[in-house]
Structure formats: structure tokens, C-alpha cells
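Q: For the sequence shown, full-length UniProt numbering assigns the number 1 to the initial residue and increments by one for each residue that follows. All C-beta atoms in this analysis are idealised placements derived from N, C-alpha and C, irrespective of residue type, glycine included. Below you will find the structure I want to go over with you.
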Amino acid sequence: MTDTSPHELVQLARHLDGVLVLPGDQGWDAGRSAWQLAVDQRPAAVVLARSAADVTVTLDTARTLGLRVAPQSSGHNAAPLGPLDDTILLRTSEMAQVHIDAGRRRARVGAGVVWAEVTEAAAGHGLAGLGGTAADVGVVGYTLGGGLSWFARSHGLAANHVTAATVVIGDGRVLRVDAEHEPELFWAIRGGGGSFGVITELEFGLFPVSQVYAGAMYWPLERAEAVLTRWRDWTATVPDTVTSLGRLLRFPPVEEIPEPFRGRGLVAVEAVAQLGPSQADDLLAPLRELAPEMDTFAPTPVTDLHLLHLDPPGPTPAAGDGFQLTGLPDGALAALLEVAGPGRDAPLLTLEARHLGGALAPGASEGGAVSSLDAAFAVFSAGITPDAGAFGAVNATLDALAAAMTPWRAATSYRNFTERRAEGLAFEPAHVLGRLQEVKKTYDPLDIIRANHPVRPIGS
Ligand SMILES: Cc1cc2nc3c(=O)[nH]c(=O)nc-3n(C[C@H](O)[C@H](O)[C@H](O)COP(=O)(O)OP(=O)(O)OC[C@H]3O[C@@H](n4cnc5c(N)ncnc54)[C@H](O)[C@@H]3O)c2cc1C
């Protein structure tokens with residue numbers, strides 16, 4: 001813990017356009033609170049930054065006081081950060097501008113913008129961005145980690161479509177970063193995470209999509225083996241215009257969960273097809289043969305896609321984690337169901353496997369540090385953790401699942417689906433990590449900027 005008194009930090013407020021919040025101030029709990037409510041963030045201070053100049057002054061102050069700075073948008077992936085007592089938490093929600101350039105099919109957004117805002121603004125021009133399943137995930141954090149959307153198999157990772165950024169680096173300088181300016185930094189922020197600078201503005205490509213054929217089919221959890229086996233086989237047959245996932249769901253019997261899901265255990269397949277209804281229906285026939293209890297597939301405007309995955313509508317106490325699989329052969333499915341299938345007392349609200357490949361496959365798309373996912377499926381599981389007992393039980397199940405799947409785990413993990421401290425995990429091959437460490441040394445050699453999945457300066 002750094003010996004820094006609020007008295008020293010308080011000077012920072014005089015230089016900010018935004019707001020400094022210190023422990024005990026009104027607004028302290030709101031300022032330090034992450035989307036991920038199970039994480040009790042206790043930083044040295046919170047800065048609600050309004051501009052790149054605010055970020056510069058925060059970094060300068062941190063450097064002077066021997067503190068670090070952790071940029072954070074929604075706090076969806078706050079858990080791996082760890083104790084923050086030597087860190088200023090730099091919240092970005094006040095940097096909320098969204099600009100759509102319909103002619104160039106580009107969006108330019110402030111660091112605090114969440115996907116719902118881009119989706120709404122872009123849809124007004126018949127365009128869509130590569131947002132994930134949840135409307136309230138931060139655009140910048142999601143994109144820095146890769147960005148796996150409902151269009152992932154046709155368009156690749158969201159990070160591959162970043163065209164420029166405004167980045168404040170460790171010494172406080174504000175840089176315009178794109179293919180011509182600071183190309184190594186531009187490479188690093190596309191998939192390499194948030195270690196290299198504080199992004200205040202991000203510019204990225206949009207696509208002319210306004211409607212898709214999308215939906216989910218649900219069966220009782222007891223049918224998990226038959227359904228997931230059929231879905232796995234089906235994924236081998238679908239074109240890149242179809243992105244899908246198979247999942248196990250266990251809904252608690254509480255009022256907040258609407259019927260027909262309340263208290264139920266289900267196995268589901270969700271998919272988005274950029275196809276016409278009849279073509280998509282033909283494609284879906286092998287899944288429908290299994291007679292789902294509910295089938296919601298229909299032409300769907302992109303503005304409704306955030307409803308498909310049933311993500312929590314707001315901040316939630318939860319624990320989650322993920323890994324990637326080289327494949328899902330029968331043995332792997334059996335191992336997965338052994339931990340979390342029917343008859344098991346698994347405290348997981350969701351266990352999902354997302355189908356990768358297509359434009360996500362290595363070599364299929366151009367981009368930066370992480371431009372592809374070298375795996376066949378990305379798995380993510382999470383459980384609700386209202387108390388310490390639940391937190392322990394969910395984490396024990398996440399551990400058991402990760403251990404059971406070891407024989408089929410890919411060499412790399414996916415940053416965005418990693419919600420626990422990732423000691424020993426690789427997010428990229430060693431040569432890519434080495435290059436990222438060089439970039440970190442160039443742009444933040446003192447390691448002031450603290451990311452949830454940190455890259456350290458080479459030689460540190
Ligand atoms: C319900 C739910 C649904 C999800 N769905 C998907 C999905 O469909 N696809 C997918 O790919 N992922 C998904 N995720 C994972 C999500 O993309 C990651 O948790 C991501 O890190 C969230 O970004 P954030 O900015 O909202 O979170 P934060 O916790 O605010 O940020 C995460 C990290 O990003 C970095 N960062 C954020 N802002 C900045 C900035 N301005 N400058 C520099 N670094 C910054 C920091 O290192 C920070 O620690 C989901 C997560 C949840 C909980």
C-alpha cells in the first residue's frame with residue numbers, strides 16, 4: 001500500500017474538468033462500483049474523466065505520487081484487476097460522445113460508450129457494429145480484448161475493424177494512433193488489451209446490416225447430450241454467415257426471472273444467420289428435428305439482438321471464466337456434462353460454447369496483435385454470487401470445469417472471457433507477447449497504466 005494521503009491527491013481535483021472522488025466523499029460508492037458487483041473495488045481515488053486532458057493530469061499525478069492508473073468503463077471485467085489501493089481508478093463513463101459517419105461507414109466513440117448506444121445510433125443509418133451479446137458492455141474494453149460478436153464468423157473480431165484511436169500514453173502525451181501514426185501502438189491496441197495507453201476515443205468500421213434471422217431453441221436440460229451433440233455436428237455444416245452457440249442454463253426460482261425460464265434447467269442453441277428466412281429455416285432443420293420446447297427464430301432487427309442471449313439487464317454479482325477448445329469431440333462433451341450436465345449440482349447460470357472459425361480462424365482476417373482465435377470453440381461460464389458461499393461454490397465449479405477440459409483446451413485463452421487472474425495463461429503466442437512487451441516498454445515504461453490482463457514492459 002502506498003503512503004499517499006488524500007491531502008496530496010486532493011490537489012488533482014483543481015486540474016480536472018471531470019470529478020475526483022476520494023474515500024468518504026459523497027459518490028464514492030457509485031464511483032468505485034463496477035458492473036461486476038462481486039468485486040469490491042477500493043482504489044486510492046476515483047477520477048471521472050471528461051477529456052484526454054483529464055487523463056493526462058491523472059497520469060501525471062499518479063506518476064508523481066507513485067500510484068498507478070486503471071482505466072475502466074463499465075467494469076464488466078473488473079475481477080482480475082486485484083487490489084487497487086495503490087491505484088487511481090479512472091472511470092470513462094463521462095466520455096460519452098457517439099459520432100456516426102454513415103458515408104464512410106465509421107463510428108467514432110468516447111471511451112465511456114457502451115454498445116447499446118452505438119447499435120442505436122448506427123441502426124439509424126442502416127449500419128451495425130460488431131458488438132457482443134450484452135448491450136451495456138463498454139465498446140473500448142470489449143474491442144481492446146478482441147470482441148466476439150454475433151457477426152464474428154463472417155466479420156472476425158471487432159478489434160480488426162478499428163481504424164484509429166486517441167491514446168494517452170504513460171508520460172501523459174496524447175497521441176493520434178492509426179496505421180500511419182504510431183503503427184506499433186496501433187497494432188498492440190487491436191486485441192492486446194488495455195496495457196499500452198488510456199484510449200479516450202476509438203474509431204471503427206460499421207457494416208450495412210439492419211436485419212438478420214436470429215433466435216434460440218430451448219429444450220429441458222435432461223436433453224443436453226443429444227442437443228449439444230447435434231449442435232456440434234451442425235456447426236461443421238454451416239456457412240460463415242451463421243454464428244451460433246450451445247449452452248446450458250440454470251435459472252433460479254426467483255421473481256426477477258420471467259416465465260417460462262424461472263426455476264428451469266435448459267439446454268439451448270442460439271444463432272444469428274445473415275440469411276433469408278427460408279434459407280435459414282432449411283439450415284436449422286436438423287436442430288428442429290429434436291423438437292425444441294421453445295423456438296424463437298424470426299427475422300430480427302439488429303437493435304433487438306441484445307435480447308437474444310438473456311444477459312443480466314444491469315450490474316450483477318457474479319463469477320465467471322472461460323477457455324478455448326480445439327474441438328468438442330464426444331469425450332470433451334462427456335467431460336463437460338460430467339461437471340455441469342443434468343443431475344449435477346452445478347451452480348452455473350450459464351455454460352456456453354461459442355462456435356469459432358470462419359473469419360475468426362488464424363490467417364482469415366487482417367488486424368493487430370490478436371486478429372484471430374486459434375480454437376474451434378470459446379467457452380464461458382458464470383454463476384450468480386450474492387454471498388461468499390455462492391462465490392466459493394461457483395469458483396470451485398469453474399475450477400472443476402477447467403480441469404476436466406484440459407485435454408481439449410487450446411494453447412491460448414480469449415482475454416474477454418477470462419474473468420479471473422490469469423497467472424500462467426497465454427492470450428497470444430510467445431512471439432506476439434514479446435512484441436507487446438516491447439510496445440509497453442516504449443509507451444508506458446514505468447507501468448503506470450494498469451490493465452485487467454496486464455502486459456508488462458519487456459525486461460521488467
Ligand atoms: C454479461 C456479459 C456479456 C459479455 N458478452 C461478450 C461478448 O458477447 N463478446 C465478447 O467478446 N465479450 C463479452 N463479454 C466480455 C467483455 O467483452 C469483457 O468483460 C470486456 O473486458 C468488457 O469491457 P468493459 O469496458 O465493459 O469492461 P471494463 O471492466 O470496464 O474494462 C475491461 C478492461 O478494458 C480495459 N479498458 C477499458 N476501457 C479502457 C480505456 N479507455 N483505455 C484503456 N483500457 C481500457 C482495461 O484494461 C479494463 O480493465 C461479456 C461480459 C459479460 C459480463
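Thinking V139 and V177 are a contact (beta carbons under 8 Å), I'd like their distance in whole angstroms, please.
A: Their Cβ separation, rounded to whole angstroms, is 16 Å, which puts V139 and V177 out of contact at 8 Å.
Q: Alpha carbon to alpha carbon, what distance is there between A361 and A122?
A: So the two alpha carbons sit approximately 27 Å from each other.
Q: What is the DSSP secondary structure of W219, counted as helix, strand or coil?
A: W219: strand per DSSP, three-state reduction.
Q: What I want to know is whether the C-beta of Q36 ends up closer than 8 Å to one or more non-hydrogen atoms of ligand 1.
A: Flag set: Cβ of Q36 near ligand 1.
Q: What is the DSSP secondary structure of S195, counted as helix, strand or coil?
A: Of the three classes helix, strand and coil, the one that applies to S195 here is coil, per DSSP.
Q: For R247, which beta-bridge partners are listed by DSSP?
A: For R247, which the question treats as bridged, DSSP gives the partners A268, E352.
Q: Identify, in the order they occur along the chain, each residue of the same chain with its Cβ nearer than 6 Å to the Cβ of E184, setting aside the five sequence neighbours on each side.
A: Within the same chain, E184 has close Cβ partners V439.
Q: I need the boundaries of the alpha helix (DSSP H) containing A404, first residue and last residue.
A: A404 -> alpha helix (DSSP H) spans 388-404.
Q: Taking A152 as the reference, give the member of G129, N452, M405, V137 with the closest Cα.
A: Checking every option, the nearest Cα to that of A152 belongs to G129.
Q: What would DSSP say about residue 476, mapped onto helix, strand or coil?
A: Summary: the structure shown does not reach residue 476, with the chain confined to residues 1 through 460, and so no result is reported for it.
Q: Does DSSP put V21 in a helix, in a strand, or in coil?
A: Three-state result, V21: strand.
Q: Assign T406 to buried or exposed, taking buried as 16 or more other Cβ atoms, counted over all protein chains shown, within 10 Å of its Cβ.
A: T406 should be labelled exposed.
Q: For D321, count the other beta carbons within 10 Å of its own beta carbon; 16 or more makes it buried, fewer makes it exposed. Which is it?
A: D321 should be labelled buried.
Q: Please state whether the Cβ-Cβ distance between S365 and G192 is less than 9 Å.
A: No; because the gap between Cβ atoms is not below 9 Å, this pair is not in contact.
Q: Return yes when the Cβ of H306 is within less than 9 Å of the Cβ of T133, no when it is not.
A: In this structure, H306 lies closer than 9 Å to T133 by Cβ.
Q: So D60 is in the alpha helix (DSSP H); what residue range does that whole segment cover?
A: Here the alpha helix (DSSP H) through D60 covers 52-65.
Q: Roughly how many whole angstroms lie between the Cα atoms of L349 and A382?
A: In a straight line, the C-alpha of L349 is about 6 Å away from that of A382.
Q: Compute the beta-carbon to beta-carbon distance between A378 and Q437, rounded to the nearest angstrom, for a pair I have assumed lies under 8 Å.
A: Wrong, their Cβ atoms sit about 25 Å apart, outside the cutoff.
Q: Quick test of the definition: if touching needs 3 or more C-beta pairs under 8 Å, does the region 262-272 touch the region 77-92?
A: With a cut-off of 8 Å, the region 77-92 and the region 262-272 do not count as touching, because too few Cβ pairs lie within range.
Q: Taking 8 Å as the cut-off, is the C-beta of P362 nearer than that to any heavy atom in ligand 1?
A: Every heavy atom of ligand 1 is 8 Å or more from the Cβ of P362, so no.
Q: Whose C-beta lies closer than 7 Å to the C-beta of A102 among residues of the same chain, with five residues either side of it excluded?
A: For A102, where only same-chain residues beyond five positions count, the Cβ hits under 7 Å are H125, L127.
Q: What does R68 pair with, by DSSP beta-bridge criteria?
A: Looking at the DSSP assignment, R68 forms a beta bridge with T87.
Q: Given 8 Å as the limit, tell me if R42 has its C-beta closer than that to any heavy atom belonging to ligand 1.
A: No; taking the cut-off as 8 Å, the Cβ of R42 has no heavy atom of ligand 1 nearer than that.
Q: Can you find the residues in the same chain that come closer than 8 Å, C-beta to C-beta, to R32, ignoring five residues on each side of it along the sequence?
A: Closer than 8 Å at the Cβ level, and outside the excluded window around R32, lie V21, Q41, R42, P43, V46, L89.
Q: Helix, strand or coil for I189? Go by DSSP, reduced to three states.
A: Looking at I189 - three-state DSSP - the assignment turns out to be helix.
Q: Within the present structure, is the beta-carbon of N160 separated from the nearest heavy atom of ligand 1 by less than 8 Å?
A: N160: no, Cβ never under 8 Å from ligand 1.
Q: Look up L81 in the DSSP assignment and say whether it is helix, strand or coil.
A: Three-state DSSP puts L81 in a helix.
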